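Here's the structure we're looking at; comments come further down.
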Amino acid sequence: GQVSPAGVLAVTFTNKAAKEMLARLSAMLPVNVRGMWIGTFHGLCNRFLRAHHQVAGLPQAFQILDTQDQLSAIKRLCKQHNVDDERFPPRQLQWFISGCKEDGLRPRDVPVRDDETRRKVEIYQLYEEQCQREGVVDFGELMLRCYEVLRDNDPIRAHYQRRFRHILIDEFQDTNRLQYAWIKMFSPPPIEGLPAPGNAVFAVGDDDQSIYAFRGARVGNMADFVREFRVAHQIKLERNYRSCGNILSCANALIGHNSRRLGKNLRTDAGEGEPVRVYEAASDLAEAQWLVDEMKQLEREGVPRSEMAVLYRSNAQSRVIESALFNAGLPYRVYGGLRFFERAEIKHALAYLRLLENPHDDTSFLRVVNFPARGIGARSIEQLQDVARASGCSLHDAVSGVTGRAGVAIGHFVAMLDVLREQTQGMTLREVIELVLDKSGLIEHYRNEREGEDRVENLEELVNAAESFVMQEGFGRAAVALPVDGQGTPLTQSPASQGLDPDLPPLPVATSGVEGMAPDADTGETLSPLAAFLTHAALESGDNQAQAGQDAVQLMTVHAAKGLEFDCVFITGLEEGLFPHENAMSDRDSLEEERRLMYVAITRARKRLYLTHSQTRLLHGQTRYNLRSR
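Mapping of the sequence shown onto the working numbering: residues 71 to 700, in sequence order.
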């Protein structure tokens, strides 16, 4: 029979998908579809709570906190209640609170096993009271509050169950525990011995592409749905219109090793196509060079650069590939992210390093004077800038002219830099960077972020970048990063700076007595390894940037590649501990997620698929020997 538009509820994961769905329905149907509820989980929960704000205990004009607003609210709360932000960093508390809400847990429901958890639960409770007092909700609260209203109010729940007779959920494999419970409020699963509720629920998803467990997605929701709703009719979309047969055979063989899946076998009528190519490189540098050589060959065959994609498990892997593309003059674009030297955490680390080389670099000073946060506010910085302007000196030299608590806080920062500068004398470039990452607090700061693992890996990759740089430029690993005072000490020149073979040993040259420094090839100016590396980083971040619309090679993580497709796909770093990730090696569920991630990567390719791995790879500044991925 005919269905009223008001009886349709459709849930998507992005606003873009919701708008596209509404536009297509409007074009296809001769009726007004505005009565349908079509939107994201958060959008639909917002609509529900506006309609039932009194029952939900909210003002009608309640405001929504985005992620940054939520963090600011937590910081304000911590300051008000004297929470030790070193023991309980605000970002970590934000992660804890959001995780609890995604699992449907109020403070009273959270299992408390130790004093640390007890304190976090207390802060969670204070945060809830603050939000209620101010009439605001965060994203997690939208979902949880809506679910609780439906769960605890029989008349409201019955009304919506009668209204929404047809329910569609897209990307079902990405739902978390609370979202699945929310869906069941609108259409309860049938109960043995009782009449079926009569709602039609249509779930669309691919359990083989469930790759967001780190965000709370639960792959088991699909199997639970099939069981709990007694799904009698499953439609398996096994015909693939994207990839050639050899690529699909590779994908099917891989995912077949996962034990808990609904199961399907992709097929195509497009023929077998090109064989999948596997390349073993001697090193990560050789792997990147091989990628460049293959891309140049594809270019000669007429393949646009925009149809070449390099996929990797971790953002940190892009650095070596970017460098090879940069040196080859191939424009590239990092999809869904920033180039390595443009990433915020790398810029922060480089700013600290620049201040070691030049304490009068005001731009770098301003970037990190309060990062990580050390209680130096905007007013304190303005006071410092006023003193610097009046005295005609750098911010570093103006610190002694700042009085009060502001002067003390900024003085501690400058003292830390001065101590670091002394400690790094005589150290290699790798040792300098490792010390700076530790003493600046950058590593600890990002480790306390919910999704900070990628940023920590990028900072560790900066050490590899430095180690690779000193070797390629001919300084040698033992070269001292910063000038060392001394009389008659020989200068180590970079063979590369003199146009010589970088594999030759450094040349000792009698000069002013500064070890580990080399003259710049163009200016003749003497550069330390640190100064040369900082120059290299600045140049790489600015050059070869693909302009909008320019034909460029696409670089991205596998997570960022979901939903995209390319003629030629290179999947790199297929080694144990890298892909699959080292954090997944000992856990079956995590290993199966890594396999699903690889399945997504493989199925991005239309015509050609390249799988590469390396015998050796720089990690933490050390050469590591790797096993090929299983």
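Using N, Cα and C, we set each Cβ at its ideal position, and we do this for glycine too.
Predicted, not measured: the structure shown is a model, and the values here were computed from it.
Check the Cα spacing between residue 665 and each of 138, 283, 127 and 197: the tightest is with 283. Sequence-distant Cβ neighbours of residue 106 in its own chain, meaning closer than 8 Å and more than five residues away, are 75, 76, 78, 79, 80, 92 and 95. In the displayed model, residue 350 falls within a strand according to three-state DSSP. If only uninterrupted alpha helix (DSSP H) runs of at least 4 residues are considered, those enclosed by the region 597 to 682 are 599 to 612, 628 to 631 and 658 to 672. Taking the Cα of residue 309 as reference, the smallest distance to any Cα among 421, 291 and 337 is reached at 337. The beta carbon of residue 427 lies closer than 6 Å to those of 600 and 601 in the same chain, with the five residues before and after it left out. Contact annotation: residue 516 and residue 415 have beta-carbon atoms nearer than 8 Å.
With the rule of 3 Cβ pairs closer than 8 Å, the region 660 to 675 does not count as touching the region 401 to 413. Fewer than three pairs of CB atoms, one per stretch, sit closer than 8 Å, so the region 229 to 245 makes no contact with the region 196 to 205. For residue 381, there is no enclosing alpha helix (DSSP H); the residue is part of the beta strand (DSSP E) that begins and ends at 378 to 382. If you draw a 10 Å sphere on the C-beta of residue 171, you find 16 or more other C-beta atoms in it, and that means buried. Taken atom to atom, the span from the alpha-carbon of residue 249 to that of residue 191 is near 23 Å. Non-local beta-carbon contacts of residue 632 in its own chain, meaning distances under 8 Å to residues more than five positions away in sequence, involve 279, 281 and 670 in chain order.
In the pairwise beta carbon analysis, the region 639 to 648 is classified as not touching the region 410 to 425: fewer than three pairs are separated by under 8 Å. For residue 444 and residue 377, the gap between their C-alpha atoms comes out near 46 Å. Under DSSP, residue 246 shares a beta bridge with 287. Excluding its 5 nearest sequence neighbours in each direction, residue 321 has C-beta neighbours in its own chain below 8 Å: 313, 336, 669, 672 and 673, listed in chain order. Fewer than three beta-carbon pairs drawn from the region 487 to 499 and the region 363 to 377 are found closer than 8 Å, and the two stretches are therefore not classed as touching. For residue 473, the three-state secondary structure derived from DSSP is coil. The beta carbon of residue 438 sits closer than 8 Å to those of 418, 421, 422, 425 and 510, all from its chain and outside the five residues before and after it, given in chain order.
Within the DSSP bridge table, the entry for residue 207 names 134 as partners. For a cut-off of 8 Å, the C-beta gap from residue 385 to residue 534 is around 13 Å, too long to register as a contact. The beta carbon of residue 610 lies closer than 6 Å to those of 396 and 411 in the same chain, with the five residues before and after it left out. When DSSP states are grouped into helix, strand and coil, residue 548 belongs to the coil group.
Spanning the alpha carbons of residue 458 and residue 482 requires a straight line of approximately 18 Å.
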